[in-house]
Amino acid sequence: MGQQCGHGFDLDTEGKDSWRHKRAGASSVVVLSKGSMAMFADASDQMKVEEVRDRFLDHTYDLIIAEGWKHEGYPKIVIVREQFGEIPVSPEGLLAVVSDKPVDLSVPLFGLDDVVGVAALIMKQFPRSTSRAEQGLET
């Protein structure tokens, strides 16, 4: 899962070793604890999905879900809430809409709680050709 955040954020904690290393000029800092890992790295807010994937993710994933990057040419599933108004992207490349209100488009419409329906659509649209075990990636 990748997320593009237009308003900025800071996940690191001021005063911690990772924060100090980054402030001292390290281009990236990896923090590893029991069951979790995080990387703090220099990045441009204009990076494309492929650049994020190539720099930060290994290539063993079957599917990458990216939030944001709405102007890139990937298939999109858009969440539209009644309180926020209209669909924020053009219908081109729109795979489905998830909403709490009726939407007049020629793509599948799912309710906000229909996780199974959305997952089934994703699996249908992006089937895996072989399992990871069949590819020799798992034993």
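For what it's worth, my numbering labels the leading residue of the sequence shown as 1, then goes sequentially.
Idealized CB from N, CA, C, for every residue including glycine.
Secondary structure in the segment 8 to 91: the beta strand (DSSP E) runs of 3 residues or longer, each lying completely within the stretch, are 28 to 33, 36 to 41 and 76 to 80 in chain order.
For Val-116, the enclosing alpha helix (DSSP H) covers residues 115 to 125.
The DSSP-derived three-state label of Leu-105 is coil. Contact between the segment 45 to 65 and the segment 102 to 111 is not established, with fewer than three Cβ pairs separated by less than 8 Å. Here the C-alpha atom of Lys-16 lies approximately 12 Å from the C-alpha atom of Val-29.
Residue range 94 to 99 is occupied by the beta strand (DSSP E) that includes Leu-95.
Burial state of Ala-96 is buried, judged by a 10 Å Cβ sphere holding 16 or more other Cβ atoms.
8 Å or more divides the Cβ of Asp-100 from the Cβ of Glu-86.
When Ile-122, His-21, Gly-25 and Ala-24 are compared, the shortest CA-CA separation from Pro-75 is found for Ile-122. In this structure, the beta-carbon distance from Val-31 to Ala-38 falls below 8 Å.
Annotation for Gly-73: Gly-93 place their beta carbon closer than 7 Å to its own, counting only its chain and skipping 5 residues before and after. Residue Ile-79 holds the alpha-carbon nearest to the alpha-carbon of Glu-67 among His-59, Leu-57, Ile-79 and Tyr-61.
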